[in-house]
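Per this note's numbering, residue 6 is the first one in the sequence shown, and the count goes up by one each step. Glycine included, every Cβ here is placed at the ideal spot set by N, Cα and C. Quick caveat: nothing in here was measured; it's all calculated off a predicted structure.
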Amino acid sequence: MGYKKIALTILFSLLLFIQTIQVSAHTTLGKISGESPFFKINDHELNPNNTFGNAHVPGPLAYIWPGSGLKIYLNNLNYPPGYQSPFETFEFPSQLASNSYSPEGAILTSTLTRDSVGDFIIAINFSQPKAFITSENPKPIFRFKNISIYIPAPIIDKYGELIQDGFEPYGRINWLTGDSSNIVTTLTDDYGRILVSKADMNDPFAPGWWIIRIEASGKGLEFTPEREWSEWYYIRINQIKAPYIAGKYFFKIFLGDSYPLKSQNTTALIENAMPVENWPIMLVKAAQNPAIIYGTVRYGGKCDPNLYGLPIQLPGVVRAVGVTPEGRHVEARGYFNASAKG
């Protein structure tokens with residue numbers, strides 16, 4: 006069987022190179038639109054009225070706040086906080102909104118000579134709760150007794166080659182033994198309710214990823230009309246080592262033992278779990294001012310003129326490998342599934 010050559014124009018934004026500067030970011034998966042400059046919608050509160058279609062979709066919403074913020078020890082409110090979206094619209098301090106992969110909106114990769122280590126704060130609130138109001142249920146209440154967080158982990162094949170990079174606990178913390186001592190949360194003060202493990206390679210949602218599961222105390226994660234559905238819940242994960250490979254790393258989050266892998270829509274709103282669009286993304290770059298590559302992977306084989314030039318409908322990965330002016334070898338990867346169409 007011969008292999009078809011394909012012309013590659015890259016859809017995923019791949020972030021390259023490395024330096025040391027304290028930065029942070031938040032963005033979500035959203036819905037892929039294929040249109041510049043953001044290439045997706047439903048990613049961010051792009052308008053103050055939070056209109057459905059231009060903001061995060063209705064339902065539970067997750068954030069990642071890496072570190073404590075830029076020069077937090079100076080107590081200067083003009084510096085970006087630990088949570089900083091890579092947009093300038095309705096955010097303060099503002100950032101250049103040239104695209105959703107702003108260089109200011111990323112953490113740095115680890116290198117062979119230096120580990121990039123820091124803390125994560127994962128926060129949960131509720132986006133557009135009024136979208137769920139009906140005449141039969143004018144004051145909906147949302148309750149979830151537990152949360153499961155899948156975090157990308159390094160995956161090594163049987164030959165010792167890295168096939169997928171990810172995050173790891175740093176130092177003496179060993180998640181493989183169930184050590185959850187670097188995890189604290191507002192959901193419970195009972196550390197017996199915080200469980201950490203690694204998914205096996207047959208896991209239906211994230212084979213080989215880390216899993217943090219928290220059984221909440223009391224009423225759990227609750228969003229109520231009495232408080233205008235404005236409750237916030239936090240999980241802090243200390244001492245996390247960044248990947249060696251740059252790219253977009255998203256966290257899969259499930260609430261209340263409900264595992265829907267589908268998108269939100271206006272006709273049948275998901276109210277018993279977190280919509281896929283609201284999963285958070287951590288942007289990882291390998292330099293202070295990285296390159297950005299985007300495009301579409303298309304069929305390049307000429308054996309079938311009906312396919313030539315069309316976006317592929319297969320899963321795949323795009324690698325960008327280079328050398329910095331300082332002589333460091335760097336790499337970024339972007340993975341896509343069949344439904345992304347290149």
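The straight-line gap separating the alpha-carbon atoms of residue 319 and residue 335 is approximately 26 Å.
Nearest neighbour of residue 70 by Cα position, chosen from 63, 117, 125 and 119, turns out to be 125. Closest in C-alpha terms to residue 201, from the list 191, 220 and 145, comes 220. Non-local C-beta neighbours of residue 181 in its own chain, meaning closer than 7 Å and more than five positions away in sequence, comprise 203, ordered along the chain. Residue 303 is not a Cβ neighbour of residue 324, given a cutoff of 8 Å.
Per DSSP, reduced to three states, the secondary structure at residue 135 is helical. The alpha carbon of residue 314 has as its nearest neighbour, out of 173, 300 and 321, the alpha carbon of 300. Three or more beta-carbon pairs separated by less than 8 Å are not found between the region 135 to 143 and the region 209 to 224, which leaves the two stretches without contact. Using a Cβ-Cβ distance cut-off of 8 Å, the region 163 to 171 and the region 185 to 197 are not in contact, since fewer than three pairs of beta carbons, one from each stretch, lie closer than that value. Burial check for residue 123: the Cβ neighbour count within 10 Å reaches 16 or more, so the residue is buried.
Just so you know, the alpha carbons of residue 143 and residue 66 end up roughly 21 Å apart. Classified as exposed, residue 332 has fewer than 16 neighbouring CB atoms from the shown chains inside 10 Å of its CB. DSSP, read as helix, strand or coil, puts residue 231 in helix. Nearest in C-alpha terms to residue 160, of all of 205, 175, 119 and 189, is 205. With contacts defined as CB atoms closer than 8 Å, residue 347 and residue 298 fail to qualify as a contacting pair. By the beta-carbon neighbour count (other beta carbons within 10 angstroms, threshold 16), residue 310 is exposed. With fewer than 16 neighbouring CB atoms inside 10 Å of its own CB, residue 117 falls in the exposed class.
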